[in-house]
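Chains as they are written, first to last, in my numbering: chain V, 1 to 275; chain U, 1 to 586.
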């Protein structure tokens with residue numbers, strides 16, 4: 001590796017290089033490569049089942065790759081799992097967060113596992129809970145909380161230790177407008193601090209609102225990558241493509257099926273109206 | 001605000017409501033399955049994704065299992081009535097009536113306990129509003145929703161109810177070949193089944209409320225929850241085991257009794273007044289033995305007992321319907337018990353522990369609130385305690401078990417079985433926190449140590465509690481020492497089960513994890529684990545057996561101790577290999 005490459009990699013918080021993961025015959029992740037720079041929010045955008053969550057799990061060392069390499073904060077997630085996890089925070093799509101515990105018990109557990117200073121972290125936790133209107137649920141069982149409130153607890157659990165990298169899989173699912181605004185602010189502060197974010201979503205508007213750069217993933221492959229300006233330029237070159245949403249649908253092979261569905265829907269609705 | 005007009009809110013026929021209940025039945029069964037799955041809910045969802053008929057198959061399997069369990073019980077009244085037939089002419093008719101009625105009453109009690117034992121946990125989803133909530137969004141009257149709830153419950157218990165109603169009349173017909181006696185037996189059986197179902201509904205609604213009382217999360221409600229579950233487990237197991245010894249008890253009573261014939265007649269008259277389940281037993285027995293052989297007072301008191309029972313069933317049935325309707329009502333204000341906790345900033349306080357202690361504390365918190373996890377911890381203690389209680393009490397065992405060798409075989413078997421059950425249950429607890437644990441810098445060695453700590457605490461309690469029943473007996477000291485000697489073997493076996501589970505399911509390229517990451521051939525792996533566990537258990541049983549029969553107790557203890565030492569070093573070595581000490585400093 002040349003000095004220039006080393007310098008570039010130092011700026012790269014995440015380097016994913018020709019990653020492949022298959023489950024039996026199905027290739028969930030098919031030779032994907034991307035990187036995330038320091039202070040950047042990188043969006044992984046794709047329809048349901050595109051391979052986003054598998055890619056995230058590979059990055060966390062929860063799955064073993066069949067081919068390719070991942071380097072996060074200069075570490076190999078498979079070999080340096082414990083060290084790496086002291087520096088990352090993770091919000092999953094499905095908030096599986098010990099439903100039989102209360103948030104209070106959960107945060108005590110997390111602080112113990114992360115060996116955080118109880119006194120130092122208490123003030124910060126209170127602030128996060130208050131900001132996200134979650135303080136009143138602090139001693140209620142997580143199983144009794146709504147999806148949105150569970151998500152808030154999960155987000156706080158991921159940021160409590162000031163990680164360098166946040167890996168977020170559909171983090172805004174179920175949140176109310178106010179909480180979405182607060183979470184965006186939290187992400188902004190995280191970036192100001194020099195952190196990075198991998199933001200996985202299947203909603204274009206959210207990605208456009210939050211991310212600096214995106215990679216569009218479909219059937220396990222990254223089919224386009226760049227800033228939104230770069231993607232808009234792509235849109236101009238495509239027939240019948242008006243905006244980023246059309247780009248997304250076109251690149252993920254959904255444009256024709258969506259047109260077909262809309263046409264059938266209109267025809268059904270109109271015929272019922274007529275009768 | 002959208003309001004439905006009167007014409008929109010339809011009044012549906014019972015037939016239509018019954019059809020609709022098919023959907024709420026599916027929903028309620030799924031809810032029950034998920035509630036009982038505890039920490040394994042995500043696995044159930046995964047299975048449903050793979051096989052769309054998974055829940056339907058589970059539903060059918062549950063009905064078949066319960067029906068078989070209940071169906072096998074037909075042998076009890078057949079055996080009882082056969083015994084009565086054989087004893088006619090041998091003993092007095094009044095003594096025969098007492099024994100026969102006792103056995104039939106025991107049969108009806110057994111039916112009820114079996115229904116409670118198997119029906120309660122599988123029907124928790126039927127007693128919550130969750131399964132019926134979506135119905136309230138449709139233009140259906142609230143009264144009709146309640147009816148759908150009752151139909152739903154009936155769908156879940158229909159096969160079992162029919163079997164319960166028919167068992168006794170069928171047995172009576174087989175033994176008497178008399179239609180009239182069979183019809184009376186059917187009436188008695190229907191009344192008893194109605195009572196059993198009413199109790200199941202009332203108890204089920206209360207039980208579900210306690211289990212689901214998550215909002216009031218304080219030490220008091222947690223203790224109540226644990227108390228109810230322990231009470232339920234001990235109560236039903238003890239009752240089932242206890243009732244099973246009634247038949248041999250009656251047999252021995254027929255063989256020899258010191259009671260005078262006048263005393264038996266008086267006893268019969270009083271007992272036949274007891275509505276559940278004696279009066280029915282008396283009525284059926286008198287018909288079987290010939291009505292004309294008994295006094296008018298005897299017949300009258302049995303009929304009076306049945307009338308009282310009919311009134312009790314009517315009252316309980318009404319109460320059961322009211323309890324059920326309230327339990328499934330979405331606006332049941334009693335559900336939260338007004339104990340909703342609202343925290344403030346001042347309540348926020350973080351206190352930290354080491355990783356092993358944090359895992360242990362988290363598991364303890366989880367166990368006290370999750371029925372399935374709690375069962376995994378309690379059953380290794382309750383099962384041997386109950387079995388030893390039964391075998392050590394002469395009244396229940398028929399004959400006191402003085403055979404210490406048999407006692408050792410029993411305790412070793414239960415210790416190994418308990419260790420196996422405990423470890424698999426404890427390892428599974430972390431599944432509900434998959435999102436959190438995925439990103440935590442967990443030192444797997446510390447996590448594994450926290451799981452082993454459970455075995456170190458639970459297994460000695462499970463093994464030593466039964467020794468209490470032998471206090472005061474001449475061989476108590478020998479039993480105590482032997483039980484103490486084999487405890488380390490149980491803990492070693494528990495550690496081995498943990499290692500085996502991780503080797504089969506948690507082996508990754510650079511590490512071993514407690515999570516199930518290699519889920520392929522799961523059934524095969526579990527069967528293999530059970531076989532390995534059985535081989536080790538049988539091996540240890542043979543070793544203990546050979547030593548006890550051929551050598552002195554001192555030599556037996558020495559050999560068992562040495563075996564434990566060698567195996568202990570083995571599992572410790574494997575533990576260090578799989579979960580090496582980490583030198584990473586946080």
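Note that the Cβ used here is the ideal one computed from N, Cα and C, for glycine as well.
Flag residue 16 (chain U) as yes when its Cβ comes closer than 6 Å to any non-hydrogen atom of the ligand MG, and as no otherwise. With respect to small molecules bound, the structure shown includes none, and the ligand MG cannot be examined in it.
(message) Please classify residue 150 (chain U) as buried or exposed, where buried requires at least 16 other C-beta atoms within 10 Å of its C-beta.
(response) buried
- Task: Counting only the same chain and skipping the five closest in sequence on each side, list residues whose C-beta sits under 7 Å from that of residue 206 (chain V).
- Result: 172
Practice problem: Compare the C-alpha of residue 545 (chain U) against each of U:523, U:407 and U:453 and name the closest. | Solution: U:407
Going along chain V, which residues have a C-beta under 7 Å from residue 433 (chain U)? 96, 97 and 98
Chain-ordered neighbours of residue 121 (chain V) on chain U, where CB pairs are closer than 7 Å: 350
Exercise. Taking 7 Å as the CB-CB cut-off, is residue 90 (chain V) touching chain U?
Worked result: yes
- Taking a cut of 7 Å between CB atoms, which residues from the region 145-165 of chain V lie near chain U? 154, 157 and 158
- [ ] Taking C-beta pairs closer than 8 Å, name the residues in chain V that residue 604 (chain U) reaches, listed in chain order.
- [x] What is shown of chain U runs 1 to 586, which leaves residue 604 (chain U) out entirely.
Backbone secondary structure at residue 33 (chain V) - three-state DSSP: strand
Cα-Cα separation, residue 499 (chain U) to residue 34 (chain U) = 28 Å
Report task. Would you grab the beta carbon distance between residue 166 (chain V) and residue 156 (chain V) for me? Rounded to a whole angstrom, and I think it's under 8 Å. Result -> That belief does not hold up - the Cβ atoms of residue 166 (chain V) and residue 156 (chain V) are roughly 12 Å apart, past 8 Å.
Status (buried if at least 16 other CB within 10 Å, exposed otherwise) for residue 11 (chain V):
exposed
Please return the same chain residues whose Cβ sits closer than 7 Å to the Cβ of residue 389 (chain U), not counting the five positions on each side in sequence.
469
- As assigned by DSSP and simplified to three states, the class of residue 87 (chain V): coil
Indicate the three-state DSSP secondary structure (helix, strand or coil) for residue 510 (chain U) in the structure shown. coil
Assuming residue 91 (chain V) and residue 168 (chain V) are in contact, meaning their beta carbons sit under 8 Å apart, how far apart are those beta carbons, in whole angstroms?
4 Å
Less than 7 Å separating the beta-carbons of residue 343 (chain U) and residue 136 (chain V)? yes
Would you list the one or two residues that DSSP bridges to residue 588 (chain U)? It is not possible to answer for residue 588 (chain U), since the shown part of chain U is limited to 1 through 586.
*asked:* Once the 5 residues before and after residue 43 (chain V) are set aside, which same chain residues still bring their CB inside 6 Å of it?
replied: 199, 207, 211 and 214
Worksheet item: Which stretch, first to last residue, makes up the beta strand (DSSP E) that contains residue 72 (chain V)?
Response: 67-72
Taking buried to mean at least 16 other C-beta atoms within 10 Å of its own C-beta, is residue 137 (chain U) buried or exposed?
exposed
If you drop the 5 nearest sequence neighbours on each side, which residues of the same chain put their C-beta closer than 7 Å to that of residue 464 (chain U)?
483
- Determine the closest residue to residue 524 (chain U) out of U:504, U:63 and U:69, with distance taken between C-alpha atoms. U:504
| task | Measure the CB-CB distance between residue 275 (chain U) and residue 326 (chain U) and report whether it falls below 7 Å. | result | no
Inset, instruction - For residue 365 (chain U), decide whether its Cβ has a neighbour in chain V, counting only Cβ atoms nearer than 7 Å. - result: yes
Check your understanding: Is any beta-carbon of chain V found at less than 7 Å from that of residue 335 (chain U)?
Key -> For residue 335 (chain U), the predicted model reports a pLDDT of 49, less than 50, meaning its position is unreliable; a value from the coordinates is still stated below. No, residue 335 (chain U) lies away from the interface with chain V (no Cβ there is under 7 Å from its Cβ).
* Got a sec: is the Cβ-Cβ distance from residue 445 (chain U) to anything in chain V below 7 Å? -> no
- So, does the CB of residue 44 (chain V) fall closer than 7 Å to a CB anywhere in chain U? no
**Prompt:** Nearest to residue 178 (chain V) by alpha carbon, out of V:149, V:255, V:248 and V:204?
**Reply:** V:149
Notebook entry, point to check: Cα-Cα, which of U:192, U:442, U:532 and U:290 is closest to residue 86 (chain V)?
Noted result: U:442
- Alpha carbon to alpha carbon, what distance is there between residue 511 (chain U) and residue 36 (chain V)? 27 Å
Does any C-beta atom of chain V lie closer than 7 Å to the C-beta of residue 522 (chain U)?
no
| Can you list, in chain order, the residues of its chain whose CB lies under 8 Å from that of residue 551 (chain U), leaving out five sequence neighbours each side? | 559
For residue 111 (chain V), the nearest candidate out of U:98, U:437, U:106 and U:32 (CA to CA): U:437
In chain V, which residues lie with their C-beta within 7 Å of the C-beta of residue 358 (chain U)?
109, 112 and 113
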